[in-house]
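2 protein chains.
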Amino acid sequence: MNAEPRTVFIVSDGTGITAETFSQSILTQFELPFRQIRMPFIDTVDKAHEAVREINNYGETSGQEPIVFTTLVNTETNAIVRTANGLIMDMFQKFIAPLELTLGMKSNHEIGSFHHNTDTQAYKNRIEAINFSLEHDDGQTNQNLADADIILLGVSRSGKTPTSLYLAMQYSLKTANYPLTPDDFERNQIPRGLIPFKKKLFGLTIDPIRLSEIRNERRPGSNYAKIDNCRYEVSEAEAMMLNNSISCLSTTNKSIEEIATTILQKIKPANELPGPNESPKTMFNIN
Amino acid sequence: MNAEPRTVFIVSDGTGITAETFSQSILTQFELPFRQIRMPFIDTVDKAHEAVREINNYGETSGQEPIVFTTLVNTETNAIVRTANGLIMDMFQKFIAPLELTLGMKSNHEIGSFHHNTDTQAYKNRIEAINFSLEHDDGQTNQNLADADIILLGVSRSGKTPTSLYLAMQYSLKTANYPLTPDDFERNQIPRGLIPFKKKLFGLTIDPIRLSEIRNERRPGSNYAKIDNCRYEVSEAEAMMLNNSISCLSTTNKSIEEIATTILQKIKPANELPGPNESPKTMFNIN
Numbered sequence: 025m026n027a028e029p030r031t032v033f034i035v036s037d038g039t040g041i042t043a044e045t046f047s048q049s050i051l052t053q054f055e056l057p058f059r060q061i062r063m064p065f066i067d068t069v070d071k072a073h074e075a076v077r078e079i080n081n082y083g084e085t086s087g088q089e090p091i092v093f094t095t096l097v098n099t100e101t102n103a104i105v106r107t108a109n110g111l112i113m114d115m116f117q118k119f120i121a122p123l124e125l126t127l128g129m130k131s132n133h134e135i136g137s138f139h140h141n142t143d144t145q146a147y148k149n150r151i152e153a154i155n156f157s158l159e160h161d162d163g164q165t166n167q168n169l170a171d172a173d174i175i176l177l178g179v180s181r182s183g184k185t186p187t188s189l190y191l192a193m194q195y196s197l198k199t200a201n202y203p204l205t206p207d208d209f210e211r212n213q214i215p216r217g218l219i220p221f222k223k224k225l226f227g228l229t230i231d232p233i234r235l236s237e238i239r240n241e242r243r244p245g246s247n248y249a250k251i252d253n254c255r256y257e258v259s260e261a262e263a264m265m266l267n268n269s270i271s272c273l274s275t276t277n278k279s280i281e282e283i284a285t286t287i288l289q290k291i292k293p294a295n296e297l298p299g300p301n302e303s304p305k306t307m308f309n310i311n
Numbered sequence: 025m026n027a028e029p030r031t032v033f034i035v036s037d038g039t040g041i042t043a044e045t046f047s048q049s050i051l052t053q054f055e056l057p058f059r060q061i062r063m064p065f066i067d068t069v070d071k072a073h074e075a076v077r078e079i080n081n082y083g084e085t086s087g088q089e090p091i092v093f094t095t096l097v098n099t100e101t102n103a104i105v106r107t108a109n110g111l112i113m114d115m116f117q118k119f120i121a122p123l124e125l126t127l128g129m130k131s132n133h134e135i136g137s138f139h140h141n142t143d144t145q146a147y148k149n150r151i152e153a154i155n156f157s158l159e160h161d162d163g164q165t166n167q168n169l170a171d172a173d174i175i176l177l178g179v180s181r182s183g184k185t186p187t188s189l190y191l192a193m194q195y196s197l198k199t200a201n202y203p204l205t206p207d208d209f210e211r212n213q214i215p216r217g218l219i220p221f222k223k224k225l226f227g228l229t230i231d232p233i234r235l236s237e238i239r240n241e242r243r244p245g246s247n248y249a250k251i252d253n254c255r256y257e258v259s260e261a262e263a264m265m266l267n268n269s270i271s272c273l274s275t276t277n278k279s280i281e282e283i284a285t286t287i288l289q290k291i292k293p294a295n296e297l298p299g300p301n302e303s304p305k306t307m308f309n310i311n
């Protein structure tokens, strides 16, 4: 395989995050290294011409056909960028035209209407969800648990914190998380403060061997990280979840995104779930 | 405008997050309410047939042509889903075929290679960055600041925390954040522990009127939230950043994504930046 990365341009009138995420999921289908050059906020004719110059210049000096992913909504800037000498992957236009036909209406051609608008209730809910999840990370407080959308439960290093923050950031879900510790196993009871909120509980578990690896990176050689201790904690935690009828998911080998998506699927049928960055308040209720 | 939402299906062999994000950015171009039905993890022929049955059933009972966004990489399941009666927005195939031509190679057709693989160094860096950012939220500690990629600075409620977590989650950047408080303004100096790391500092500021609104939601009627106090804090903070040559960005009316993208643009030329979820360690160095 050639180690020289192939250059890809990401041209957007907003942050370019949508274009970048999408282009990456496509580019991973090819066994080549890629180098992304981001060109966000291309929202004027001048900036569009400048982008074309840079792209063409790259093509001439490198001798390689530039690959250009674009999500320009504005037809004028889009027409300019399309004149660049390269493979233009125009993500919006390809899909908007057939949609206009099916929906029987014209699109807005509004720049970056996706991410903007910080004054909406949805945006406030998102920030509130992030703050709530931070304040309720690792069982820091039992206050306001009635406001939680989800409460994650699991042994230390089973993936609770990143999952909580992701659910808050992407889905505006107020997500608390509680550790299950040897103290809980001795008492043979879930943390007392959680009992009134059993319906919001969701368990995370993990393969003990993987857990031991992760804990050893954090605290090498500790009893906490020992495989026997990890086996004990995981088996006690799983038994506790089973006894309390708490749905439980193994996070071993799952990305944060996969854990979050699976939780959302389990706690509610798909058609009542909010989308990313959308307010869940009217559509989402697991109480 | 018709208030009845139009139904859109999101069919993916992975989490469906890429498809969902992209479909939303396209659908916001139309002034219609949409309802998304997510069908993640469609990774077998059986599940693909089941998805087609659900889509067709919806079309027949609603009398509306279903709109279907798909990101199925597997050609077999994709061929099945394409038989559904509806407008099929096949996001991958539309772009992969021309790319195969330009690159002169075949794609993998690997399911969800984007989000998986939790064993990679990139994945570990991401989790480490999230933990680092949490531990260094709101100036909690001065330890290990030498490991930080970015240190955000700003008055309370200027947007530091969500931005830090986003930079960690999406770009694996270890992002600390420090509040600038009236104590700092009296001493007329940035927090002492930060002085050795001036090159990593990035300031966030905000319009005092907006700041006062945000603080009033948090602590109604407090001196903390009063417009005069907000004006004082913001003007002192901006002067302090200017005196210390710290780049500064106003977060007023900016989404978390826009703030993060702008910071990334300012601290490094675009072509050396990592993509989302990519390891920045070899490409990113602002020290």
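The listed protein sequences correspond, in order, to chains A and B.
Using this note's numbering, the first residue of the first sequence is number 25, and each one after it goes up by one.
Using this note's numbering, the first residue of the second sequence is number 25, and each one after it goes up by one.
Don't be surprised by glycine CBs; every beta carbon is placed ideally from N, CA and C.
The structure displayed is predicted, hence computed values, not measured ones.
Original post:
Terminal residues of the continuous alpha helix (DSSP H) containing B:L169?
Top reply: Premise fails: B:L169 is in no alpha helix (DSSP H) and is neither H nor E.
Subject >> Residue environment, A:G81, which counts as buried when at least 16 other CB atoms sit within 10 Å >> reply: Per the sequence presented here, residue 81 of chain A reads as Asn, with Gly not at that position. By the 10 Å Cβ count, A:N81 comes out exposed.
**OP:** Could you round the C-beta distance between B:F226 and B:I174 to whole angstroms and report it? I think they count as a contact, below 8 Å.
**Re:** 6 Å
Original post:
Would you report the Cα separation of A:A284 and B:S246, rounded to the nearest angstrom?
Top reply: 38 Å
Original post:
What residues in its chain sit with their C-beta under 6 Å from that of A:M113, if we drop five residues either side in the sequence?
Top reply: F93
Subject >> Secondary structure of B:L218, DSSP reduced to three states >> reply: helix
Original post:
When the distance is taken between beta carbons, is A:L111 closer than 9 Å to B:T95?
Top reply: no
**OP:** For A:L191, count neighbouring Cβ atoms within 10 angstroms of its own Cβ and tell me buried if that reaches 16, exposed if not.
**Re:** buried
**OP:** Using DSSP bridges, identify the partner residues of A:G178.
**Re:** A:P203
Subject >> Sequence ranges, alpha helix (DSSP H) only - wholly within the stretch 70-132 of chain A, length at least 4 >> reply: 99-105 and 115-127
Original post:
So what does DSSP say about A:L191, is it helix, strand or coil?
Top reply: helix
Subject >> B:V105 vs B:V35 beta-carbon contact at 9 Å >> reply: yes
Subject >> Test: B:G40 CB closer than 9 Å to a CB of chain A >> reply: yes
Subject >> Three-state secondary structure (DSSP) of B:S47 >> reply: helix
**OP:** Kindly list the residues whose CB is nearer than 6 Å to the CB of B:G128, restricted to its own chain and excluding five residues on each side of it in sequence; keep chain order.
**Re:** none
**OP:** Show which residues of chain D have a CB atom less than 9 Å away from the CB atom of B:N132.
**Re:** Structure shown: chain D not included; protein chains present are A and B.
Original post:
Residues of chain B with a CB under 7 Å from the CB of A:I151: which are they?
Top reply: P186
Original post:
How about A:F119: is its C-beta nearer than 9 Å to some C-beta of chain B?
Top reply: yes
Subject >> A:K118 versus A:L56 - alpha carbon distance >> reply: 25 Å
Subject >> Whole-angstrom distance between B:T85 and B:N149, CA atom to CA atom >> reply: 48 Å
**OP:** Let me know the secondary structure DSSP gives B:S269 once reduced to three states.
**Re:** coil
Original post:
Between A:R318 and chain B, is there a C-beta pair that is closer than 9 Å?
Top reply: Because chain A spans 25 through 311 in this model, residue 318 of chain A falls outside it and cannot be assessed.
Subject >> Among B:R59, B:N268, B:L176 and B:N166, nearest to B:E28 - alpha-carbon criterion >> reply: B:R59
Subject >> Simplified DSSP state of A:Q145, which is helix, strand or coil >> reply: helix
Subject >> Touching by the beta-carbon criterion (3+ pairs, under 8 Å), the stretch 194-211 of chain B and the stretch 153-161 of chain B >> reply: yes
Original post:
If you follow the beta strand (DSSP E) that A:Q60 is part of, which residue opens it and which one closes it?
Top reply: F58 to M63
Original post:
How close, in whole Å, do the beta carbons of A:G183 and A:I230 come, if the pair is a contact with beta carbons under 8 Å?
Top reply: 7 Å
Original post:
Would a C-beta distance cut-off of 9 Å place B:R255 and B:A249 closer than the cut-off?
Top reply: no
Original post:
Taking C-beta to C-beta, are A:R30 and A:E44 nearer than 9 Å?
Top reply: no
Original post:
So is B:N155 in contact with chain A if we call contact Cβ pairs under 9 Å?
Top reply: yes
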